Amino acid sequence: MTKVAPTRPTGSGPGRLLVAVYGILALAATARGIYQVATKLSDAPVAYLLSLFSGVVYILATIALATDRRRLAWVTVLVELVGVLVVGTLSVVDVGEFPDETVWSGFGAGYGYIPLVLPFLGLLWLWRTGRRAPDDVAAADSTDDDGAATVG
Amino acid sequence: MVVRDARALVNGPAIGPVGWGLVILPVALLVGALCVALAAWAAWFVAADRAVVLRQLWGGAVVEAVLVVQGVIAAAVLATKDHDVDAALFWGYVVVQLIVLPIAAAWAFAERTRWSSVVLLVAALTTGFLEYRLWQIWGVS
């Protein structure tokens, strides 16, 4: 393992909150997907399987961000972004194919549009933690405990 | 449904949304109040730039204890009274609501910055919102 430049961990600082929100959405989407698939799969198989799929994507994104697996985080957050945009558009344009039954329907309107905002925040966070300007590294070396309040 | 009719014969007429609500209303209000209190406590810590402290985790444990009591009451009512509650949906929410706060609290406690308190704040609000959703599911007859 040779790291060219040190990257900030994705699960600390503001990342703590990001992971927490991802985790809550993972729970919500997965629970919803399992419920739909288990009780009424034949009603709308595509929508319900998509619902379960979105839950799995959120679970993977949560784990990736929490454990600093940057590549998996990039992939899952991008899949999530494509998912919410495609399913959101389809649900608005063609009501027949995609009933309002997934987290991504209506661009996440049923969840306060958090599913729409979250991937952008995730990408921004991955980009910000992934790059570090040379002077930034030097500054971080001198003041290592910047802003970290230690409260027991 | 056949099963439901048979149960109605054994247990008497189905309780409507009002009767159901009277059973669960005090618990739901208590959970809501506790969640708001915990959220306010966390928000105060966010403003004060402090991380979550152990005492707040005990606060979360009190919420969890009430949630367990709520689950037992709900199970007893669902088992003994005829009802129109979607059991799978209901228990799904119960389980999710039970696990949000402990996981989030552990995740928050490992962080020693103000973001720790933001996580607890979000978790407390989520638990309160899930209580509201449970209340809606209860109310639907």
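For the protein sequence lines, the chains are G and X, in the order given. If you're matching positions, the first sequence starts at 1 in the working numbering and goes up one per residue. If you're matching positions, the second sequence starts at 1001 in the working numbering and goes up one per residue. Glycine included, every Cβ here is placed at the ideal spot set by N, Cα and C. Source: prediction; values computed, not measured.
*Contacts around residue 1149 of chain X, its chain only, beta-carbon distance under 7 Å, and the 5 residues preceding and following it disregarded*: Here chain X has residues from 1001 to 1141 only, and residue 1149 of chain X is not among them.
*asked:* Taking 6 Å as the limit between beta carbons, can you name the residues of its chain near residue 1109 of chain X, skipping five residues before and five after?
replied: Non-local beta-carbon contacts of residue 1109 of chain X in its own chain, meaning distances under 6 Å to residues more than five positions away in sequence, involve 1052 in chain order.
*Is the CB of residue 1092 of chain X under 7 Å away from at least one CB in chain G?*
So, interface residue.
*Determine, using beta carbons only, whether residue 119 of chain G comes closer than 7 Å to chain X.*
Output row for residue 119 of chain G: interface = no.
*asked:* In this structure, how does DSSP classify residue 12 of chain G when only helix, strand and coil are distinguished?
replied: Coil.
*What are the start and end residues of the alpha helix (DSSP H) that includes residue 107 of chain G?*
Counting along the chain, residue 107 of chain G sits inside no alpha helix (DSSP H), nor does DSSP assign it H or E at all.
*List, in order along the chain, the chain G residues whose C-beta lies closer than 7 Å to that of residue 1137 of chain X?*
Ordered by position in chain G, no residue passes the 7 Å Cβ test against residue 1137 of chain X, which lies about 12 Å from the chain.
_Out of X:1033, X:1038, X:1044, X:1126, which one is the CA nearest neighbour of residue 1094 of chain X?_
Ranked by Cα distance from residue 1094 of chain X, the options X:1033, X:1038, X:1044, X:1126 are led by X:1126.
*Can you tell me the Cα-Cα spacing of residue 85 of chain G and residue 18 of chain G, whole angstroms?*
Their Cα atoms are separated by approximately 20 Å.
*Scan the region 1087–1115 of chain X for residues whose Cβ lies nearer than 9 Å to a Cβ of chain G and list them as they occur along the chain.*
For the region 1087–1115 of chain X, the beta-carbon criterion of a distance under 9 Å to any beta-carbon of chain G is satisfied by 1088, 1089, 1092, 1093, 1095, 1096, 1099, 1100, 1103, 1104, 1107, 1108, 1110, 1111, 1112, 1113, 1114, 1115.
*Using a Cβ cut-off of 7 Å (strictly closer), state whether residue 63 of chain G contacts chain X.*
With 7 Å as the cut-off, residue 63 of chain G does not count as an interface residue toward chain X.
_Neighbour-count burial assignment, residue 1026 of chain X, 16 or more Cβ in a 10 Å radius_ = It counts as exposed.
_Expected contact under 8 Å - CB spacing of residue 62 of chain G and residue 23 of chain G to nearest Å_ = The beta-carbon distance between residue 62 of chain G and residue 23 of chain G, rounded to whole angstroms, is 5 Å. This is short enough to meet the 8 Å contact definition.
*Is the beta carbon of residue 1031 of chain X less than 7 Å from the beta carbon of residue 1066 of chain X?*
Yes. Within cutoff.
_Assigned secondary structure, residue 1053 of chain X (DSSP; H/G/I helix, E/B strand, else coil)_ = If DSSP states are grouped into helix, strand and coil, residue 1053 of chain X belongs with coil.
*residue 89 of chain G to residue 6 of chain G span [Cα, whole Å]*: Across the structure, residue 89 of chain G and residue 6 of chain G are spaced so that their CA atoms are roughly 39 Å apart.
*Taking a Cβ distance cut-off of 9 Å, strictly less, list which residues of the region 1027–1039 of chain X are near chain C, in chain order.*
Although the question refers to chain C, the structure presented lacks it and instead comprises the protein chains G and X.
_Min CB distance residue 112 of chain G to chain X below 7 Å_ = False, the Cβ-Cβ gap to chain X never drops below 7 Å.
*Please list the partners that residue 108 of chain G has in chain X, where partner means a Cβ-to-Cβ separation under 7 Å.*
For residue 108 of chain G, none of the residues of chain X pass the 7 Å Cβ criterion, the least Cβ distance being about 15 Å.
_Which residue marks the beginning of the alpha helix (DSSP H) containing residue 129 of chain G, and which one marks its end?_
Looking at the DSSP string, the run of the alpha helix (DSSP H) that includes residue 129 of chain G is 114–130.
*asked:* Beta carbons nearer than 8 Å to chain X: which residues of the region 17–30 of chain G have them?
replied: Of all residues in the region 17–30 of chain G, 17, 19, 20, 21, 23, 24, 27, 28 have a Cβ within less than 8 Å of some Cβ in chain X.
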